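Protein chains in written order, with my numbering: chain A, 1234 to 1557; chain B, 1234 to 1557; chain C, 4 to 369; chain D, 4 to 369. All C-beta atoms, glycine included, are put in the ideal place defined by N, C-alpha and C. All values reported here derive from a predicted model rather than from experimental measurement.
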Amino acid sequence: MVKKNIAEAIRNALDIMLSEDERVLVFGEDVGKKGGVFTVTEGLQEKYGEQRVFDTPLDENGILGMAKGLALYGLRPVAEIQFVDFIWPGFDVIMSDISKERFRSGGQFSCPLVIRAPYGGGVRGGLYHSQSPEAIFAHIPGLKIVIPSNPYDAKGLLISAIEDEDPIIFLEPKKIYFAFREEIPEEKYFVPIGKAKILKEGKDITLISYGYMIHECKKAIEELEKEGISCELVDLRTITPFDGETILNSVAKTGKVIIVVEAPKINSFASELSAFISERAIYYIDAPILRVTGWDTPFPYILEHLYLPSYKRIILKAKKILEV
Amino acid sequence: MVKKNIAEAIRNALDIMLSEDERVLVFGEDVGKKGGVFTVTEGLQEKYGEQRVFDTPLDENGILGMAKGLALYGLRPVAEIQFVDFIWPGFDVIMSDISKERFRSGGQFSCPLVIRAPYGGGVRGGLYHSQSPEAIFAHIPGLKIVIPSNPYDAKGLLISAIEDEDPIIFLEPKKIYFAFREEIPEEKYFVPIGKAKILKEGKDITLISYGYMIHECKKAIEELEKEGISCELVDLRTITPFDGETILNSVAKTGKVIIVVEAPKINSFASELSAFISERAIYYIDAPILRVTGWDTPFPYILEHLYLPSYKRIILKAKKILEV
Amino acid sequence: MEIKPFGSEPFRVIDEEGKPLFDLNLKEYGINTEILLKMYKDIVLTREIDKLGWILVRQGKAYFYISIGGHETAHVASLYALEKEDYVMPYYRTVPSLHVRGVKVEEIFSQILGKYTDPLKGRQMPGHFGKKELNIFVPGSPVGLGHNVAMGVAMGIKYKNHKRVIISYGGEGSTSQPHFHSAMNFASVFKLPLIIFIIDNHYAISVPRTKQTASETIAIKAKAYCMEGYLVDGNDAIATYIVTKKCVNEVRENSKPILIEAYTYRYDPHSSADDDRKYRKKEEIQEWKKKDGLLRLKKYLEYLSLWDEEKDLMLKKEIEEKLNNILEEVEKKHLPIYKDMFYEVYVNTPWYLEEEYMELKREMEG
Amino acid sequence: MEIKPFGSEPFRVIDEEGKPLFDLNLKEYGINTEILLKMYKDIVLTREIDKLGWILVRQGKAYFYISIGGHETAHVASLYALEKEDYVMPYYRTVPSLHVRGVKVEEIFSQILGKYTDPLKGRQMPGHFGKKELNIFVPGSPVGLGHNVAMGVAMGIKYKNHKRVIISYGGEGSTSQPHFHSAMNFASVFKLPLIIFIIDNHYAISVPRTKQTASETIAIKAKAYCMEGYLVDGNDAIATYIVTKKCVNEVRENSKPILIEAYTYRYDPHSSADDDRKYRKKEEIQEWKKKDGLLRLKKYLEYLSLWDEEKDLMLKKEIEEKLNNILEEVEKKHLPIYKDMFYEVYVNTPWYLEEEYMELKREMEG
Ligand SMILES: Cc1ncc(C[n+]2csc(CCOP(=O)(O)OP(=O)(O)O)c2C)c(N)n1
Ligand SMILES: Cc1ncc(C[n+]2csc(CCOP(=O)(O)OP(=O)(O)O)c2C)c(N)n1
Ligand SMILES: [Mg+2]
Ligand SMILES: [Mg+2]
């Protein structure tokens, strides 16, 4: 076992996959000498050479076109987008090409690749270094979206993602890249894609979340516990294809749900989860299904602490849900 | 009054706005001599000249950059994207620039422009001439999304859109461009953005929909009526900012909801509406909130008739909802 | 005759009457009688397939068709310059010529009709085709995207040290797309074995080339990326073959990208959904038909005494018969089953797609 | 001295010692003593603002800073070539130089600190600035996007028959973006009064220019669009001013786009979040500092006997004092109120944003 934070755990996963699989290539803006703006790829170019780990021109469209083509040619590209906020110049490649390749080719071709990108708020990044657009990707059939909330999952999910046969968008909660270290195995291991994890069992309310928000949920749960309120915490981990079973099981138990995401509320992935639950489990539900989300505004700069959902906002909602 | 189909009604709106407001410019691929691939802009270049109505290079990114800049300069661009499926090369302009301009500039600048695009299935257009991506746009604060279902609304909403001070994505249900003609006023009139319309009152089930799907809903309602089931039909018309009040009023009355959209289910706008309802009106609801949507696959070609939600699929769901 | 990049006039070898414009040593370019005849036959075959495509739409058997008429020579002659191990990223107009790479005519018709014998399983509109074992990728509809992806494939080729080339086709309209810029920039920075082959038919649907770009040629756009750009007469089979061959060789040897622009013209409407009378004159089409690539090669073969009218009639009759027979068989094939709609979205079909399939099943059965 | 596009060396007027490289008739270019002195003072002011930006971060008063250090000359001299009615699309590095257009230093500091006196209301990170009444647009963070939007503004200028020019700034990295391609293509097809001004500082964060593009210069990229491209020494205030002025005049007269590339160098890390020791050597920085634009202009002024060390010390002291006073005042300003977060998303705030505001209000109060 070794102690690693999320950034280190991801680096570790890349390191393992680069060393054991020649098909793995890591590239993006500033991933070489600089080691990425969050140090995630630090040392990898030195270790594996410029053939395997390389800088690209400042063009996300080219980065994603390159990733797509490499995957078609049988390689295992792991492309980094410096901030997910900058992925849109290349969105056409994802939307029109990567996501549809297997289907549109009649199954002849596939597109096993990973697009890594830091996402989310909390680092005073303003409008363009803070967004959480997972809901947009979740609406696109053919993609898988993965978001870890801790070092163990980060490493295991990324390894699974690189070995997966489908294209994966791997969003990294930048706010907690360095927030804490955890014991994780040194060697290769997998965390399965498509499986949520119950981080804490409880009986009064089900909290569903992922990424950095898991930690605000944990804080809220601690506080609520003091007042005798028991929450179950589901870490979704995979956004699509999501783990409906785990969600329904938990909801059947508690009858009350709060979904916590950072993104603006309208059409957030919280909306999907809510709709899914009320379609399948409405008879178990005995209170409004609540969403705790960012506001429906662009991400602010100087006021970001008032934008991001905090444990306080979660507690307020939890109490509201129990009142009624 | 004149009789017009949706395509003609939109042309009529453009004609009126071009003639009365010099700031209005209409442009896109093939909108000039050809009059657009759906004849929507036919005759407009001849009437208003190449300065006002013009073809662009084959680059949606340029089209949207141009629209944004023109709006900043005080003009009223109405940009056409030939099919909304081809908007993605320019998505960065919408996501990162157009939607955020008012906010990020501290209210100094605004971005009054209209992006018109045919959307939706039903014309054997395969993966790339059939998609319904309104949910993606609906997740972006700062945009307004409008979808008419009939000639009257098409004209009135487009005129409102061109006069609106915010950026508007105006999606035109291509399947019914020419499907039917309706009496509409010859002169200028407005249909308000942000207001849904009850197309039919009913008491058992609320159907919420928009665009072409309205017509499948109508057919379903007719059939259900025969069996003594009374449905209320809400034509949303504006996707964002949506008319929550009308929805809640209807739901309070019926207690049962089916939301019908063409897009894949996961994170569709049906999900948002469902989540909104269960957050606000769960105590009125006495059955699962159901979504009738396209399948969670890329849009197929030869099997599209089995992909699109039909009145039959709606009827099945309606009966299911009443059973329980 | 040295072939140089950035000519202001397209490189030409035979004139409109099929006469060589200069002393041609075909052997120098590896061209022999056999190849010439085969290429001609393939061009004729392509044109005949195209005719049937239009007929299928008129008969209401196909929902859509997008033609190659006029572009056959540019496609066939350039495909001839590739080796078997090379790769092709087609665009819609390339499809009827892909038999050159070994695609069966059955498959081309199956794709047009969306039959289960379509390698794409009826999932895309006519004009989209690819075949993995023939190194042909499957394009989507968005113009230009293929260039960007082909660039990535070229990166793969280079990484694996394979001595292969990928050629990416597109219309001149595709050069306006962001994807073209990204592909050119990355390919030149990383020195990738990519040929972007622009079939410049002077229109993007209704938009003439003069409104597509301000540059005199498309070829000159290579300068922005320190690449070479060649302009060739795409209706001159020999010239197109020679230029492409030269480029393919250089790309293979030196791993570097090259841009080729081939002048040609589209005879028919953009697609079965288009009415070209709105934006161009019949006379313009007639002018271009005088420079037709098929006719020019035919005349050249006649000039070389390799061909005559009788042989030509025989050939066409033969092809027609063959195609009609194939088409008849293909028309009998059934459509893909609806279960197919839910598979191959992911490698393993997720639970909700299984459920949706069951839902449709109940709907169909109930 | 004729100024021609597509030079392989940057156009230069004064050497590194501030000596004119050829017989200069400054009047020919409308340059007089007054302008020279004013320009120099503005460059000094820009550098002093920049220093304070870094200090604010080090003091923990600003969360972020992105510098202009090294690029002051290119920015100030090119801004001088514009008229009041012209338009500017800045990028982050332009911001500390915008006082040239009439922006108050208070506003620049307010933006860095996110105070309510920031015209952007504290809604963007430091390095984003615009001011409507000064014809300065507000950029976002995505590299290159500004070029594409500036193209649209240029279309507006042309449509309205205004004799104005818009200049869009960006780093050499911005030329890799799709937006650059779209802007160049549309601007050249529609003949728009747009100058794309590339501040080529040889790095995009850690990525050197050689990995950004294969082309020898950025200026040559204009050829792909039948445009002119000029290469100028951005550390040579006179050269930058002359070239930009010439281009501005031509663009204004003839409504056509032009590309300008100005060589310069960034002295400091990319931003306060960067550690440049990972990707470049101190010596390289030192080499470039010898060519510093501020120093060269100073030496030139001394050569013209317009300036001396004493005046220089005075000036700096004056500026420093002024800036410190301003900053002190700005620091006292309060932050925007939280209600601000919900407004100006739309022209009229929709019901759900009003509700969200009320929700936050309850959260804050309860
Ligand atoms: C990104 C995108 N925008 C628009 C379209 C619609 N469209 C299909 S073909 C075409 C014209 C293509 O012109 P060109 O590239 O010159 O090829 P050609 O059809 O002339 O061979 C257009 C506009 C599309 N398929 N993709
Ligand atoms: C589309 C996009 N991708 C990535 C980034 C992150 N980023 C900010 S500045 C920068 C480098 C810009 O280099 P250049 O254009 O040369 O300008 P310079 O900073 O050198 O002045 C990068 C990669 C961004 N802001 N936008
Ligand atoms: Mg064309
Ligand atoms: Mg730079």
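Check whether the stretch 1517-1527 of chain B and the stretch 1486-1500 of chain B touch, using three or more Cβ-Cβ pairs below 8 Å as the test. yes
V146(D): CB within 7 Å of a non-hydrogen atom of ligand 2: yes
Measuring only between beta-carbons, confirm whether N1482(B) sits less than 8 Å from chain A. no
Exposure of P1542(A), with buried meaning 16 or more beta-carbon neighbours within 10 Å: buried
Would you say V1525(A) lies against chain C (beta-carbon separation less than 8 Å)? no
Cα-Cα separation, E347(D) to Y228(C): 42 Å
Does the stretch 181-192 of chain C come close enough to the stretch 1289-1300 of chain A that 3 or more CB-CB pairs lie under 8 Å? yes
How is S171(C) classed by DSSP in three states: helix, strand or coil? strand
Count the other C-beta atoms from every protein chain shown that fall within 10 angstroms of the C-beta of E1420(B), then say buried if there are 16 or more, exposed otherwise. exposed
In this structure, does DSSP put F1444(A) in helix, strand or coil? Reading off the sequence shown, one finds Gly at residue 1444(A), where the question assumed Phe. Correct three-state label for G1444(A): coil.
Using a C-beta to C-beta distance shorter than 7 Å, which residues of chain A count as neighbours of P122(C)? G1339 and Q1341
Are I46(D) and L300(D) close, meaning C-beta to C-beta below 8 Å? yes
Determine, for V348(C), whether the minimum Cβ-Cβ distance to residues of chain B falls below 8 Å. yes
Confirm, please, whether the CB-CB distance from A265(C) to D315(C) is below 8 Å. no
Need the endpoints of the beta strand (DSSP E) that D1288(A) sits in, please. V1286 to D1288
What residues in its chain sit with their C-beta under 7 Å from that of K1550(A), if we drop five residues either side in the sequence? I1491, L1523 and V1525
Is E175(C) a contact residue of ligand 6, with contact defined as CB to any heavy atom under 7 Å? What this structure holds is ligand 1, ligand 2, ligand 3 and ligand 4, not ligand 6.
Straight-line CA distance for I1409(B) to E1253(B)? 28 Å
Between the alpha carbons of E1293(B) and G1323(B), how many angstroms are there, rounded? 5 Å
Exposed or buried, P1425(A), counting other C-beta atoms within 10 Å across all chains shown (16 or more means buried)? exposed
Give the interface partners of G1375(A) over in chain C, defined as CB-CB distance under 9 Å, in chain order. V348 and Y349
Would you mind working out which of E1556(B), P1533(B), W1321(B) and I1554(B) sits nearest P339(C), comparing C-alpha positions? P1533(B)
When the Cα of Y32(D) is compared with those of Y83(D), L262(D), S185(D) and Y233(D), which residue comes out closest? Y83(D)
For T1530(A), would you say it is in contact with chain B, using Cβ-to-Cβ distances shorter than 8 Å as the test? yes
Residues sharing a beta bridge with D1468(A), DSSP: K1430(A) and S1442(A)
Which residue spans inside the stretch 190-255 of chain D form an unbroken beta strand (DSSP E) run of at least 3? 197-203 and 231-236
Using 7 Å as the cut-off, classify the Cβ of A1387(B) as near or not near the heavy atoms of ligand 4, replying yes or no. no
Using CA coordinates, which residue listed in K1552(A), T1530(A) and V1356(A) is at the minimum distance from L1457(A)? K1552(A)
Can you pull out the residues from the stretch 179-191 of chain C whose beta carbon lies closer than 8 Å to at least one beta carbon of chain B? S179, Q180, P181 and H182
Along chain D, which residues have their Cβ under 7 Å away from the Cβ of P1533(A)? R126 and M344
Identify every run of the alpha helix (DSSP H) within the stretch 1349-1419 of chain B, keeping only runs that are complete inside it and at least 4 residues long; order them along the chain. 1367-1371 and 1384-1396
Three-way DSSP call (helix, strand, coil) for T1526(B) in this model: strand
Who are the Cβ neighbours of D121(D) in its own chain at under 6 Å, not counting the five residues just before and after it? S113 and Q114
Since A1496(B) is in the beta strand (DSSP E), which residue starts that stretch and which ends it? V1490 to P1497
Pick from K1489(B), F1502(B) and I1395(B): whose alpha carbon is nearest that of Y1443(B)? F1502(B)
Which residues does DSSP pair with G1261(A) in a beta bridge? D1288(A) and E1313(A)
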